[in-house]
Structure formats: structure tokens, C-alpha cells
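Participant: Residue numbers (the working numbering): 13 to 314. I'd like to ask you about the structure that follows.
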């Protein structure tokens with residue numbers, strides 16, 4: 013019979029899977045991540061878990077957040093597991109399971125005031141995001157911000173009760189601006205070229221709709237480093253779930269299955285410090301554009 017994942021069951025689970033070696037009670041939040049989907053848990057959370065296992069940077073734990081119904085479903089699945097996830101990766105012809113625990117809180121989507129309170133806390137120095145390309149409200153054809161989109165209009169009219177990820181970021185920065193408590197870094201982890209520039213454009217344009225002076229403060233104080241985040245995620249079908257049960261004896265309501273290779277390159281441009289992720293394989297660079305894949309050139313039909 014499989015063991016249900018929780019903080020209380022890590023000892024038996026450690027017989028078949030890797031488990032955290034750090035004391036979770038000593039972790040303190042330094043990152044709020046918006047969009048706790050499978051990619052985040054198989055990528056950013058893995059790197060943070062690696063770093064914590066080194067005994068380092070325990071003031072950079074993750075607070076999960078989200079604005080979509082899917083985020084609420086994920087939260088319900090992870091709450092009985094004390095916010096932990098099992099990640100199963102394929103390494104050649106074998107599978108490796110590990111339990112991740114860098115997330116210490118997951119704010120439900122309806123608790124906007126609680127989320128904004130966390131963003132107002134100067135201890136939070138990075139707000140990272142995986143909200144998909146659509147979540148930035150940038151027209152893919154023109155590159156222009158969709159200022160007339162009903163979601164953006166609604167957030168601009170009541171920025172203290174935002175309904176989108178971008179609105180949450182702007183509202184959190186407005187609180188920091190009002191309090192004079194300094195900025196946080198906005199780090200897009202979505203798989204799209206120039207994700208930092210896209211995040212910056214969306215945040216600045218929405219902020220300008222709220223208050224041009226707020227937009228000016230953000231432009232002068234907040235940074236939006238670009239990043240390249242890569243890992244292949246596999247659909248969690250019944251066959252893979254049965255394998256997790258049969259091979260590792262773990263019952264996880266929201267497991268993640270992926271391939272072993274992963275990569276993370278980030279522009280080293282942070283407004284309020286960063287965790288030393290270079291210790292666990294993250295490459296920090298001065299200009300992410302030099303590392304973006306070059307799109308293939310179409311051959312002439314002549």
C-alpha cells in the first residue's frame with residue numbers, strides 16, 4: 013500500500029525516494045511565485061530544493077500564489093501534503109523520484125489581501141511568475157500591451173483588488189512604493205523569448221494606467237531579468253501514477269513527471285538581492301539575448 017505524502021511520512025518515503033535534508037521549520041520566505049503549475053515544481057522548485065539541501069539560503073523559501081481556478085485546484089491537492097510535491101524524472105532507462113519542500117505557504121486565489129500583505133513585506137525580494145504568454149496581455153503580432161482588454165481595464169480601475177497576475181505584481185509594487193520599503197525583482201520563468209522585456213512592458217503599461225508616477229518609480233527601481241528555463245514535462249497519466257505507486261510506494265495528489273535534463277539561465281540584474289543559485293547549476297549572465305536560441309532560417313522554395 014502506498015504512503016500518502018506529508019511531512020509526517022518522509023521517513024518511510026525516504027526508503028525509495030530522495031527527501032529534503034533541511035529543517036523546513038527554519039525556512040523563511042524570500043520569493044513569491046505566481047502560477048504554481050507543473051513546470052514551476054519541476055524546475056524552479058527543484059533548484060531551490062537543491063540549494064536548501066546544501067544548507068544555504070534558507071531565507072529564500074517560496075510562497076505559492078495564483079489567480080486562476082487551476083491554481084486553486086493545485087492548492088487543494090498540495091495542502092494535505094504540507095505543500096510538498098513528488099517529482100519523478102527519467103534518467104536514461106530508469107526513473108528517479110524526489111520529494112521537494114521549498115514552498116512553505118500557498119495562498120488561495122481568493123485571498124488577495126493576504127497575498128498583497130506578503131508582497132508588501134520587504135523580506136520578499138523576488139516575485140517570480142509562470143503565467144503563460146497570455147498572462148502578460150501582450151499582443152503577439154504587434155508586441156503592444158492590450159490596454160483595452162477587460163481584465164486590464166478592471167485591474168487599473170481597482171488595483172487594490174487585482175484579478176490577474178500582472179495586476180497582483182503592480183498592486184504589490186504600489187504597496188511598496190506607498191510604504192517606501194523598496195522594490196522587489198520581477199522574474200518571468202515562462203518559456204518565451206525576451207520574457208523579462210515582456211514582463212517589464214506589461215507591468216509598466218498597467219502601472220501607467222493606474223498612476224504615471226508609480227510607473228516612473230517602477231522604471232527607476234524595479235528590475236525584470238530575462239531568463240531561459242527549460243525542462244520537458246510529461247502528462248501525468250494513469251500509467252505514470254501507477255508507476256509512482258508501484259515503484260516508489262508514494263501516493264501524491266499532484267505528482268510531476270519530467271525528463272532529467274534541465275537548464276536555467278538568468279540575467280544577473282536583481283533589485284533586492286538573489287539566492288546563490290550558481291551553486292546548483294544556474295548560469296547567471298549579463299545579457300540573456302546572447303543565449304537565446306536562434307530561430308531556424310526558412311529555406312527558399314526556389
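For every residue, glycine included, the Cβ atom is placed at its ideal position computed from N, Cα and C.
Would you mind giving the Cβ-Cβ distance between residue 50 and residue 263, rounded to the nearest angstrom? I have them listed as a contact below 8 Å.
Facilitator: Here the question's residue 50 lines up with position 38 in the chain shown. Here the question's residue 263 lines up with position 251 in the chain shown. In fact, because the Cβ distance is near 18 Å, the residues do not count as touching under 8 Å.
Participant: For residue 162, which three-state DSSP category applies?
Facilitator: Here residue 162 refers to the residue found at position 150 of the chain shown. Of the three classes helix, strand and coil, the one that applies to residue 162 here is helix, per DSSP.
Participant: Over what stretch of residues does the beta strand (DSSP E) that includes residue 175 continue unbroken?
Facilitator: As a first step, residue 175 must be located in the chain shown, where it is residue number 163. Taken as a continuous stretch (DSSP letters only), residue 175 belongs to no beta strand (DSSP E), as it is neither H nor E.
Participant: Pull the bridge partners of residue 73 from the DSSP assignment, please.
Facilitator: The sequence position of residue 73 within the chain shown is 61, counting from 1. For residue 73, which the question treats as bridged, DSSP gives the partners 41.
Participant: Can you give me the C-alpha to C-alpha distance between residue 183 and residue 103, rounded to a whole angstrom?
Facilitator: Against the chain shown, residue 183 aligns to sequence position 171. Against the chain shown, residue 103 aligns to sequence position 91. Spanning the two alpha carbons is a distance of roughly 42 Å.
Participant: Check this for me: beta carbons of residue 215 and residue 139, under 7 Å apart or not?
Facilitator: Within the chain shown, the letter at position 203 stands for residue 215. Within the chain shown, the letter at position 127 stands for residue 139. No, the Cβ-Cβ distance between residue 215 and residue 139 is not below 7 Å.
Participant: Hey, residue 97 and residue 90 are a contact pair by Cβ (cut 8 Å); roughly how many whole angstroms apart?
Facilitator: In the chain shown, residue 97 corresponds to position 85, counting from 1. In the chain shown, residue 90 corresponds to position 78, counting from 1. Yes, residue 97 and residue 90 are in contact; Cβ-Cβ is about 7 Å, under 8 Å.
Participant: Output the distance between the C-alpha atoms of residue 164 and residue 14, rounded to the nearest integer angstrom.
Facilitator: Stepping through the chain shown from its first residue, residue 164 is reached at position 152. Stepping through the chain shown from its first residue, residue 14 is reached at position 2. C-alpha separation (whole angstroms): 46 Å.
Participant: Can you check whether the CB of residue 46 is closer than 7 Å to the CB of residue 141?
Facilitator: The residue given as residue 141 occupies position 129 in the chain shown. The residue given as residue 46 occupies position 34 in the chain shown. Going by C-beta atoms, residue 141 is nearer than 7 Å to residue 46.
Participant: How far does the alpha helix (DSSP H) with residue 224 in it extend, from its first residue to its last?
Facilitator: As a position in the chain shown, residue 224 is number 212, starting the count at 1. Unbroken alpha helix (DSSP H) run through residue 224: 224-233.
Participant: In angstroms with no decimal places, state the Cα-to-Cα distance between residue 255 and residue 27.
Facilitator: Translated into the one-based positions of the chain shown, residue 255 becomes position 243. Translated into the one-based positions of the chain shown, residue 27 becomes position 15. Roughly 16 Å separates the two Cα atoms.
Participant: What three-state label does DSSP hand residue 295 in the structure shown?
Facilitator: Locating residue 295 in the chain shown gives position 283, where the first residue counts as 1. Reduced to three states, the DSSP call for residue 295 is strand.
Participant: Are there 16 or more other CB atoms within 10 angstroms of the CB of residue 312, so buried, or fewer, so exposed?
Facilitator: Taking the chain shown and counting its residues from 1, one reaches residue 312 at position 300. Reliability of the predicted coordinates at residue 312 is poor, the pLDDT of 43 falling under 50, and the value obtained from them is presented with this limitation in mind. Classification for residue 312: exposed.
Participant: Using 8 Å as the Cβ pair cut-off and three pairs as the minimum, do the region 244-255 and the region 298-306 touch?
Facilitator: Result no; under three Cβ-Cβ pairs closer than 8 Å.
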